[in-house]
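Right, one structure below, let's go through it.
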């Protein structure tokens, strides 16, 4: 445009160049440079957004994509990057499903061994201690009874661990009963007040979906007991807008983004497994809220 303007306009340049002509030439050069810089900035802005997304993308938070406009090289690069994210998220979901299935199988095996082998052995020890204490004289009887009580408490703890590893009540009585039992056990062992609310019209869910909801609630309660310094916990399960939403909230000190450890990453892995959305909000003044939304339509329902 500048060249055409110089060719068509009745503009001449003196030799040597006079001051006014030099000012005009320099001003035109500055205008062209500024216009080129603005055009380059506009043209390369999608690359800046792509760079920022590359540095922050997290496969455990699916759906992060850049909009594609036009048909140029930059648009094709963004389109290719979005397609790569689609493949990576699908592969991550598949690998997470395999890992979680193997983890649950190992949990069931350990729970079965705790219940069938360790539990039965401790039960046999408990019966022998009772028989010995019934036949012993004082003060040996008191010592045997004390050992019997310690063994009984240890057996209860082994059974509790087995229930945590393999929630049999979930398979036998369903999700609501399993969550009720989980929160009751949590309140007993921590002393925290727990409020529960379950919608009466919850739709039927696939076994793996119920297991994910249970495990997220279990991990959330564990985090509350370990880190929140809370006094009250609320757990709800609602059916709304085509989804089942599990909500766990406490009145503790909250967490920071930097505090997302293995427990929260594990929750995100499980959410990815069933196509759910996990949202964690935290405030030092009001505590932490964990929300898991599972769609009730499609293959995950």
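In this note's numbering, the protein residues as written are 516 to 816. Glycine included, C-beta positions come from ideal geometry on N, C-alpha and C. These figures come from a predicted structure and were not determined experimentally.
Straight-line CA distance for residue i to residue j?
{"i": "residue 585", "j": "residue 777", "result": "41 Å"}
{"i": "residue 623", "j": "residue 756", "result": "34 Å"}
{"i": "residue 657", "j": "residue 651", "result": "9 Å"}
{"i": "residue 767", "j": "residue 797", "result": "9 Å"}
{"i": "residue 572", "j": "residue 663", "result": "56 Å"}
{"i": "residue 461", "j": "residue 711", "result": "No answer is possible for residue 461: the residues shown for the chain start at 516 and end at 816."}
{"i": "residue 737", "j": "residue 566", "result": "37 Å"}
{"i": "residue 564", "j": "residue 593", "result": "10 Å"}
{"i": "residue 629", "j": "residue 676", "result": "8 Å"}
{"i": "residue 760", "j": "residue 549", "result": "53 Å"}
{"i": "residue 786", "j": "residue 667", "result": "38 Å"}
{"i": "residue 575", "j": "residue 655", "result": "59 Å"}
{"i": "residue 809", "j": "residue 724", "result": "8 Å"}
{"i": "residue 578", "j": "residue 716", "result": "30 Å"}
{"i": "residue 773", "j": "residue 626", "result": "Model confidence at residue 773 stands at a pLDDT of 46, short of 50, so the residue's coordinates are unreliable; what they give is reported in the following sentence. Using only the alpha carbons, I get a separation of about 33 Å."}
{"i": "residue 749", "j": "residue 807", "result": "14 Å"}
{"i": "residue 591", "j": "residue 805", "result": "38 Å"}
{"i": "residue 613", "j": "residue 646", "result": "48 Å"}
{"i": "residue 552", "j": "residue 558", "result": "10 Å"}
{"i": "residue 679", "j": "residue 607", "result": "27 Å"}
{"i": "residue 817", "j": "residue 555", "result": "Residue 817 cannot be examined here, being either before or after the span of the chain that is shown, 516 to 816."}
{"i": "residue 793", "j": "residue 727", "result": "11 Å"}
{"i": "residue 635", "j": "residue 674", "result": "11 Å"}
{"i": "residue 581", "j": "residue 605", "result": "18 Å"}
{"i": "residue 542", "j": "residue 560", "result": "27 Å"}
{"i": "residue 523", "j": "residue 531", "result": "22 Å"}
What is the residue span of the alpha helix (DSSP H) that residue i lies within?
{"i": "residue 754", "result": "Premise fails: residue 754 lies in the beta strand (DSSP E), 747-755, not in any alpha helix (DSSP H)."}
{"i": "residue 795", "result": "That residue, residue 795, is in no alpha helix (DSSP H); its beta strand (DSSP E) goes 792-798."}
{"i": "residue 687", "result": "683-688"}
{"i": "residue 652", "result": "First-last for residue 652: undefined, no H or E at that position."}
{"i": "residue 739", "result": "Careful: residue 739 lies outside any alpha helix (DSSP H) and carries neither H nor E."}
Kindly indicate which three-state DSSP category residue i falls into: helix, strand or coil?
{"i": "residue 584", "result": "coil"}
{"i": "residue 763", "result": "strand"}
{"i": "residue 758", "result": "strand"}
{"i": "residue 810", "result": "strand"}
{"i": "residue 534", "result": "helix"}
{"i": "residue 558", "result": "helix"}
{"i": "residue 773", "result": "Only weak support exists for where residue 773 lies, its pLDDT of 46 falling under 50; the coordinates are left without a value."}
{"i": "residue 723", "result": "helix"}
{"i": "residue 670", "result": "helix"}
{"i": "residue 575", "result": "coil"}
{"i": "residue 707", "result": "coil"}
{"i": "residue 659", "result": "helix"}
{"i": "residue 815", "result": "Any reading at residue 815 must be qualified, since the residue scores a pLDDT of 47, below 50, and its modelled position is unreliable; no value is offered."}
{"i": "residue 789", "result": "coil"}
{"i": "residue 717", "result": "coil"}
{"i": "residue 523", "result": "helix"}
Would you grab the beta carbon distance between residue i and residue j for me? Rounded to a whole angstrom, and I think it's under 8 Å.
{"i": "residue 659", "j": "residue 644", "result": "6 Å"}
{"i": "residue 729", "j": "residue 682", "result": "6 Å"}
{"i": "residue 735", "j": "residue 763", "result": "4 Å"}
{"i": "residue 779", "j": "residue 742", "result": "About 11 Å; that fails the 8 Å criterion."}
{"i": "residue 740", "j": "residue 705", "result": "5 Å"}
{"i": "residue 700", "j": "residue 753", "result": "Residue 700 to residue 753, Cβ: 23 Å. No contact."}
{"i": "residue 611", "j": "residue 744", "result": "Contact doesn't hold; Cβ gap of about 31 Å is too wide."}
{"i": "residue 690", "j": "residue 746", "result": "Not really, about 26 Å apart at Cβ, beyond 8 Å."}
DSSP puts residue i in a beta bridge; with which residues?
{"i": "residue 712", "result": "751"}
{"i": "residue 804", "result": "764, 796"}
Please confirm whether residue i has its beta-carbon closer than 8 Å to some beta-carbon of chain D.
{"i": "residue 534", "result": "The structure shown has no chain D; it contains just one protein chain."}
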